[in-house]
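These notes concern the structure reproduced below.
Number of protein chains: 2
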Amino acid sequence: MTRPFATLTEFRQALARLPQPDAGAAEAARARDAMLTKPLGALGRLEDIAIWYAGWRGPLPRLKAPQVIIFAGNHGVTSQGVSAFPQAVTAQMVENFRTGGAAINQLAETFGARIDIHALNLDQPTADFTEAPAMSEGELLDALCTGWAAVDPQADLLVTGEMGIGNTTSAAALATALYGGNPRDWVGRGTGVDDAGLGRKAAAVAAGLSCHRGQLLDPLEALRRLGGRELAAMAGAIAAARTARIPVLLDGFICTAAAAVLERAAPGALDHALAGHCSAEPGHERLLAALGKTPLLNLGLRLGEGSGAALAIGIVQAAIACHSGMATFAEAGVSGG
Amino acid sequence: MTRPFATLTEFRQALARLPQPDAGAAEAARARDAMLTKPLGALGRLEDIAIWYAGWRGPLPRLKAPQVIIFAGNHGVTSQGVSAFPQAVTAQMVENFRTGGAAINQLAETFGARIDIHALNLDQPTADFTEAPAMSEGELLDALCTGWAAVDPQADLLVTGEMGIGNTTSAAALATALYGGNPRDWVGRGTGVDDAGLGRKAAAVAAGLSCHRGQLLDPLEALRRLGGRELAAMAGAIAAARTARIPVLLDGFICTAAAAVLERAAPGALDHALAGHCSAEPGHERLLAALGKTPLLNLGLRLGEGSGAALAIGIVQAAIACHSGMATFAEAGVSGG
Numbered sequence: 001m002t003r004p005f006a007t008l009t010e011f012r013q014a015l016a017r018l019p020q021p022d023a024g025a026a027e028a029a030r031a032r033d034a035m036l037t038k039p040l041g042a043l044g045r046l047e048d049i050a051i052w053y054a055g056w057r058g059p060l061p062r063l064k065a066p067q068v069i070i071f072a073g074n075h076g077v078t079s080q081g082v083s084a085f086p087q088a089v090t091a092q093m094v095e096n097f098r099t100g101g102a103a104i105n106q107l108a109e110t111f112g113a114r115i116d117i118h119a120l121n122l123d124q125p126t127a128d129f130t131e132a133p134a135m136s137e138g139e140l141l142d143a144l145c146t147g148w149a150a151v152d153p154q155a156d157l158l159v160t161g162e163m164g165i166g167n168t169t170s171a172a173a174l175a176t177a178l179y180g181g182n183p184r185d186w187v188g189r190g191t192g193v194d195d196a197g198l199g200r201k202a203a204a205v206a207a208g209l210s211c212h213r214g215q216l217l218d219p220l221e222a223l224r225r226l227g228g229r230e231l232a233a234m235a236g237a238i239a240a241a242r243t244a245r246i247p248v249l250l251d252g253f254i255c256t257a258a259a260a261v262l263e264r265a266a267p268g269a270l271d272h273a274l275a276g277h278c279s280a281e282p283g284h285e286r287l288l289a290a291l292g293k294t295p296l297l298n299l300g301l302r303l304g305e306g307s308g309a310a311l312a313i314g315i316v317q318a319a320i321a322c323h324s325g326m327a328t329f330a331e332a333g334v335s336g337g
Numbered sequence: 338m339t340r341p342f343a344t345l346t347e348f349r350q351a352l353a354r355l356p357q358p359d360a361g362a363a364e365a366a367r368a369r370d371a372m373l374t375k376p377l378g379a380l381g382r383l384e385d386i387a388i389w390y391a392g393w394r395g396p397l398p399r400l401k402a403p404q405v406i407i408f409a410g411n412h413g414v415t416s417q418g419v420s421a422f423p424q425a426v427t428a429q430m431v432e433n434f435r436t437g438g439a440a441i442n443q444l445a446e447t448f449g450a451r452i453d454i455h456a457l458n459l460d461q462p463t464a465d466f467t468e469a470p471a472m473s474e475g476e477l478l479d480a481l482c483t484g485w486a487a488v489d490p491q492a493d494l495l496v497t498g499e500m501g502i503g504n505t506t507s508a509a510a511l512a513t514a515l516y517g518g519n520p521r522d523w524v525g526r527g528t529g530v531d532d533a534g535l536g537r538k539a540a541a542v543a544a545g546l547s548c549h550r551g552q553l554l555d556p557l558e559a560l561r562r563l564g565g566r567e568l569a570a571m572a573g574a575i576a577a578a579r580t581a582r583i584p585v586l587l588d589g590f591i592c593t594a595a596a597a598v599l600e601r602a603a604p605g606a607l608d609h610a611l612a613g614h615c616s617a618e619p620g621h622e623r624l625l626a627a628l629g630k631t632p633l634l635n636l637g638l639r640l641g642e643g644s645g646a647a648l649a650i651g652i653v654q655a656a657i658a659c660h661s662g663m664a665t666f667a668e669a670g671v672s673g674g
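Chains A and B, in that order, are what the protein sequence lines are.
Mapping of the first sequence onto the numbering used here: position 55 corresponds to residue 55, and the numbering continues sequentially without gaps.
Mapping of the second sequence onto the numbering used here: position 336 corresponds to residue 673, and the numbering continues sequentially without gaps.
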């Protein structure tokens, strides 16, 4: 691929010049919303979604080309006994994504989304962050660039998902670095660890924070030291989407932790993103609250793969269809409005 | 049409012999769910939905033919000043449904649902229930039969919606009759009445309960005295769907009040129905709690027309697609499960 950035500094510079929503387009959408054949506000959040979307895509938007991108990575921290599944499952699930057998394949098909799979050096897990930085600067840059380049410039809605045995522990460490609090506030059962496993996850997060003490104030450096390739790639993709004015639906805890790196590095960097759902992984609700995002769905999903966000594609499609497709009171000859 | 019932007694008899879910099919779905390539429970409510749906439709179900039916009726109680819109809007919106300009048209199209519109004697509003029974026995039977006959036997998911200026007041009166409580607990702003209008709605409900005191213990009689043609038609359609083993998504306050008549007349009659969403109309949350139904969506909609339930069609489609389309651990060669 053509690398979008030669250095991390160039990526930081891109974050400093993110485009803003078009206030005029949003205002025009708000004015149109008030003329549509329904009591004002009667479509609830669908109206807010449409106005927000128009701010990024322009007046009378259409949503025809949603893209789901799955990034997969392996994590050295699995040596701390933090997952119920062996690391080999990451590659096995990538194959399952490629042959169409996973939940995300069905969800993408249901809502007409294109799906792309990127396996990131699965045979080279990141370093165990309890002992060393998870990634070198070059590895972080590679992952950010892969994520950035994976976004289809023609897409009109982006979902980023992930697969990586051990990555809820990495996300919990990253969230603790970004927002503080006790490691126990941010760890959860992930794919299904027992109480002892949960204790090992909290201990690993605490060990990681201790190992990298004093080095975590910069959000991208926290990502490098505690994150993983798939987290960095999601951050790169979400930033690329912003640059291309492509709205984003955030998935669960791991995706949101990756996205939060951007928000902490450049406040407002997630203004083009909605929270697709609230995961059953307990740290997610806390993270969404820190970001000020109210999730569209709350159906107890905790799968990753972009599944919760993909499920929310239908909500955004419906919002845009109503906004751009409904008749106005005048067009329909309906009294009131 | 061929009338499905010659008398109200025949309708009552149908309610007494509703089919039950196939426990074997549900059990087989539960067993399949445990073998799919995801941690057990990681798809949250999507897994419950698929198992429930299989209980009505059989193993490895598909969802290909959702049907949305809109029933419209006019209400004599509008003479009490209970709506922000004139009664003429009911017919105007029916025309809007027929020409594709309403929210429900866009929502049905987004999720691939067939849509049918039934305007029920709009030029003959029901009687003002503060003074007399809203409908005669013949009018109630006609509306129940219209609703029943409107269901496509080939549909595999049903949404019933409504349009009827004044019908939140009718639904509030019906809910008060079915579940008790103060009229103020059940009335809301509907299409957008002010505080004075809200007071008139509560007064109308109280007057209706007073007028029909001692005559409201039988749920179908409460429907006849306080309801409206579109409410009766929705009840008829939801009962017909049960008889044909077609799962139902309940819409907002008015639809749910109509459905509650069936549940009060024959406990368990709504086991084939999920609550599609929770409306911003405050009585809806109360009504769902009384029915023991947890809504799939909570996005602040308060439009009626079946809009909230139609929005939830995508959730059910996604649940069924995952359940019937995903690979098992064995098929995909993934460790664990």
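Beta carbons: idealized from backbone N, C-alpha and C, even for Gly.
Under the 8 angstroms Cβ criterion, the segment 316-325 of chain A does not count as touching the segment 406-413 of chain B, having fewer than three qualifying pairs. Annotated as proximal: A:I165 and A:Q87, with beta-carbon spacing under 7 angstroms. Rounded to the nearest angstrom, the gap between the Cα atoms of B:K375 and A:L303 is 7 angstroms. Taking all protein chains shown into account, A:N105 has 16 or more neighbouring C-beta atoms within 10 Å of its C-beta and is therefore buried. Residue-level contact by beta carbon holds for B:Q654 and chain A, with a gap shorter than 7 angstroms. Positions of the beta strand (DSSP E) runs, each at least 3 residues long and wholly inside the segment 454-505 of chain B, are given as 494-500 in order along the chain. Closer than 7 angstroms to the CB of B:M663 there is at least one CB belonging to chain A. Inter-residue distance for B:P604 and B:G651 is about 28 angstroms (C-alpha atoms, whole angstroms).
Inclusion of B:F434 and A:G336 in the CB contact set at 7 angstroms is not warranted, their separation being larger than that value. If you draw a straight line from the Cα of A:R229 to the Cα of B:L481, it is about 60 angstroms long. Annotation: the continuous alpha helix (DSSP H) that includes B:Q443 extends over 440-447. In its chain, beyond the 5 residues on either side, T169, A172, A173, T176, P183, W186, V187 have a beta carbon closer than 8 angstroms to the beta carbon of A:V205. For chain A, the residues of the segment 390-424 of chain B that bring a beta carbon within less than 8 angstroms of one of its beta carbons are A421, F422, P423, in chain order.
Contact holds between the segment 239-251 of chain A and the segment 10-26 of chain A, because three or more Cβ pairs, one in each stretch, are under 8 angstroms apart.
By the neighbour-count criterion, in which a residue is buried when 16 or more other Cβ atoms sit within 10 angstroms of its Cβ, B:G361 is exposed.
Non-local beta-carbon contacts of A:H277 in its own chain, meaning distances under 8 angstroms to residues more than five positions away in sequence, involve D251, G252, P295, L296, L297, N298, L299, L301, G308, A309, L311, A312 in chain order. Interface flag for A:A257 against chain B is unset, since no Cβ pair is found closer than 7 angstroms. With the criterion set as a beta carbon lying under 7 angstroms from some beta carbon of chain B, the segment 13-28 of chain A has no members that meet it.
In the DSSP annotation of this structure, the continuous segment of the alpha helix (DSSP H) that includes B:V653 starts and ends at 644-662.
For A:L274, the enclosing beta strand (DSSP E) starts and ends at 273-275. Annotated as proximal: A:T160 and A:C255, with beta-carbon spacing under 7 angstroms. Interface annotation, A:T191: in contact with chain B, CB-CB separation under 7 angstroms. Annotation: B:K538 has no Cβ neighbours in chain A at a cutoff of 8 angstroms; minimum Cβ distance is about 15 angstroms. With distances taken between CA atoms, B:E468 lies nearest to B:G413 out of B:T483, B:G413, B:G437. Proximity of chain B to A:Q92 at the Cβ level (cut-off 8 angstroms) is accounted for by A669, G670, V671, S672, in chain order.
Non-local C-beta neighbours of A:A102 in its own chain, meaning closer than 7 angstroms and more than five positions away in sequence, comprise M93, N96, E305, ordered along the chain. Close CB contacts of B:P619 within its chain, under the 7 angstroms cut and outside five residues either way in sequence, are with G525 (chain order). Judged by DSSP in its simplified three-state form, B:L587 adopts strand. Residues of the segment 618-637 of chain B whose Cβ lies closer than 8 angstroms to any Cβ of chain A, in chain order: L633, L634, N635, L636, G637.
Note on A:K293: 16 or more other CB atoms within 10 angstroms of its CB, so buried under the neighbour-count rule. Neighbours of B:L380 across chain A, judged by C-beta separation under 9 angstroms: A103, L299, G300, L301, R302, L303, S307. DSSP places B:F408 in no alpha helix (DSSP H) but in the uninterrupted beta strand (DSSP E) bounded by 403-409. The beta carbon of B:L383 sits closer than 7 angstroms to the beta carbons of A655, A656, C659 from its chain, once the five residues preceding and following it are set aside; these are given in chain order.
When the alpha-carbon of A:E139 is set against those of A:G41, A:G325, A:N74, A:A330, the nearest one is in A:N74.
Less than 7 angstroms divides the Cβ of B:P396 from the Cβ of B:A365. Residues of chain A whose Cβ lies closer than 8 angstroms to the Cβ of B:T447 are, in chain order, G314, Q317, A318, A321.
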